[in-house]
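Peer 1: Residue numbers (our numbering), protein chains in the order written: chain E, -16 to 96; chain X, -8 to 101.
The C-beta atom is built at its ideal place from N, Cα and C for all residues, glycine as well.
In this text, all values refer to a predicted model and were calculated from it rather than measured experimentally.
1) Around the Cβ of residue 94 of chain E, are there at least 16 other Cβ atoms within 10 angstroms (buried) or fewer (exposed)?
2) State yes or no: is the beta carbon of residue 35 of chain E nearer than 8 angstroms to at least one beta carbon in chain X?
3) For a contact meaning CB atoms closer than 7 angstroms, what does residue 92 of chain X contact in chain E?
4) Excluding the 5 residues preceding and the 5 following residue 101 of chain X in the sequence, name in chain order all residues of the same chain whose CB lies nearer than 8 angstroms to its CB.
5) Please report the residue range of the beta strand (DSSP E) in which residue 57 of chain X lies.
6) Taking C-beta to C-beta, are residue 83 of chain X and residue 16 of chain X nearer than 8 angstroms?
7) Is there contact between the region 69 to 87 of chain E and the region 46 to 65 of chain X, where contact requires at least three CB pairs shorter than 8 angstroms?
8) Would you give the residue range spanned by the beta strand (DSSP E) that residue 37 of chain E belongs to?
9) Any C-beta of chain E within less than 8 angstroms: which residues of the region 64 to 91 of chain X qualify?
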């Protein structure tokens, strides 16, 4: 499968724990995006990378959230001290430079108990 | 920031009939409008898109129209089939990020 991949697909954690998700974009896509989707809603933008540079962060991304893309390839999204309100599907998307299409991964479903 | 509204939230159509979903956006700087189809438990998949310098685009049974002056765009699906049943999201792009509508659940009755 040459599409965007995300791991894990599902994560159940207890409130207060830290979690980390990984996204592997389509090869040679230099742009990478994180979105959050709650039940019955469309995805909401969290952050955007061009290569290894994080260029924009949403107000939704509190100081408990951090994202990295150390070598401009895969990206990680970490949530510290998880809260029940963090329960959602976390989607990653990528796109090549010069195009506007974004291709989504299957998402990581987070459940905070 | 950009605000995208999508209507209706649910749509039930008889197989073979047409389905229309409408979206409005608020930021006149938005310049790209994709539509995604999301089946239960699966990733959003791009089905068609339109750029701000184009008024209409068609791909087989699906078409999208854009009215920049009124800031609204629509998805049209003709000759609906059971496999068209899914949640459809419109989006508007501004400064790289996409702002999505809340989605329309389309059910095609056999």
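Peer 2: Once the coordinates are examined:
1) Residue 94 of chain E comes out exposed.
2) By this cut-off, residue 35 of chain E is not an interface position.
3) Correct list: 25.
4) Within the same chain, Cβ atoms closer than 8 angstroms to the Cβ of residue 101 of chain X are found at 6, 73, the five residues on either side in sequence being excluded.
5) Here the beta strand (DSSP E) through residue 57 of chain X covers 53 to 58.
6) Yes, the Cβ-Cβ distance between residue 83 of chain X and residue 16 of chain X is below 8 angstroms.
7) Here the region 69 to 87 of chain E makes no contact with the region 46 to 65 of chain X; the two share fewer than three CB pairs at distances below 8 angstroms.
8) Looking at the DSSP string, the run of the beta strand (DSSP E) that includes residue 37 of chain E is 36 to 40.
9) Listed in chain order, the positions of the region 64 to 91 of chain X with a beta carbon within less than 8 angstroms of a beta carbon of chain E are 80, 82, 84, 86, 87, 88, 89, 90, 91.
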